[in-house]
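Q: Numbering-wise (the numbering used here), the sequence shown opens with residue 1 and increments by one. Don't be surprised by glycine CBs; every beta carbon is placed ideally from N, CA and C. Below is one structure. I have some questions about it.
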Amino acid sequence: MNNTARNLLKARIAARNAVHARIKELAPKFFEAIRSLVGTKVKLANGYQSKAFVKAIEHLKTPGDYWGEFHHSLFKVFRECRQIENSVAYEEENLYLGDLDDGVLVNTVYADKFDPKHFRSDYTIEEVETIQEQIKQKEEEISNLKNQMLYFF
Numbered sequence: 001m002n003n004t005a006r007n008l009l010k011a012r013i014a015a016r017n018a019v020h021a022r023i024k025e026l027a028p029k030f031f032e033a034i035r036s037l038v039g040t041k042v043k044l045a046n047g048y049q050s051k052a053f054v055k056a057i058e059h060l061k062t063p064g065d066y067w068g069e070f071h072h073s074l075f076k077v078f079r080e081c082r083q084i085e086n087s088v089a090y091e092e093e094n095l096y097l098g099d100l101d102d103g104v105l106v107n108t109v110y111a112d113k114f115d116p117k118h119f120r121s122d123y124t125i126e127e128v129e130t131i132q133e134q135i136k137q138k139e140e141e142i143s144n145l146k147n148q149m150l151y152f153f
């Protein structure tokens, strides 16, 4: 791997670690803030958040992050950017907060299932490069096996 590619990978790892660290820190606070809003309208027809929702989470505003709704799910998108020399990487992660039905927060079911262990924030360049190399080797092995069985696929 050349130096530029390695720096980009380092930047991606740093950004991913930062995103996950913020999620581990803030997720419990978001769940606590919106739990009381279950059964109330949090998303208005015009796409904006309700005043009750904005008030509940205003102390948790984070720059660059945004709220999203997809298939009746409410989520918070955390974003981080890191630069290593001339390489810049942006990483983002969605944190599922609950289900919506016509803008009404139906539940925060994930609040009780949230596990910070799913958001590692200690990746290292050495670990990622080692795993990438192992994947490359396994893919080559699989390709060789497929070539041996070419007529049966």
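#1: Consult DSSP for Arg-82 and reduce its assignment to one of helix, strand or coil.
#2: Pull up the distance between the alpha-carbon of Val-77 and that of Glu-141, whole angstroms please.
#3: Whole angstroms are fine: how far does the CA of Tyr-151 sit from the CA of Pro-116?
#4: What residues are listed by DSSP as bridge partners for Thr-94?
#5: From the DSSP output, read off the bridge partner residues of Tyr-66.
#6: Here's the rule: buried if 16 or more other CB atoms are within 10 angstroms of the residue's CB, otherwise exposed. What is Leu-145?
#7: What span of residues does the beta strand (DSSP E) with Asn-107 cover, start to end?
#8: For Thr-108, is the classification buried or exposed, using 16 other Cβ atoms within 10 angstroms of its Cβ as the cut-off for buried?
#9: Roughly how many angstroms lie between the CA atoms of Ser-191 and Ala-15, to the nearest whole one?
#10: On the three-state DSSP scale, how would you describe Leu-60?
#11: Rounded to the nearest angstrom, what separates Ser-73 and Ala-56 at their Cα positions?
#12: Decide if Arg-120 is buried, meaning its Cβ has at least 16 other Cβ atoms within 10 Å, or exposed.
#13: Buried or exposed: where does Ile-34 fall if 16 or more other Cβ atoms within 10 Å of its Cβ makes it buried?
A: Taking the coordinates as given:
#1: strand
#2: 38 Å
#3: 46 Å
#4: Per the sequence shown, the amino acid found at residue 94 is Asn instead of Thr. Val-77.
#5: Val-77
#6: exposed
#7: 104-107
#8: buried
#9: Residue 191 lies beyond the residue range present for the chain, which begins at 1 and ends at 153; the question has no answer from this structure.
#10: helix
#11: 18 Å
#12: exposed
#13: buried
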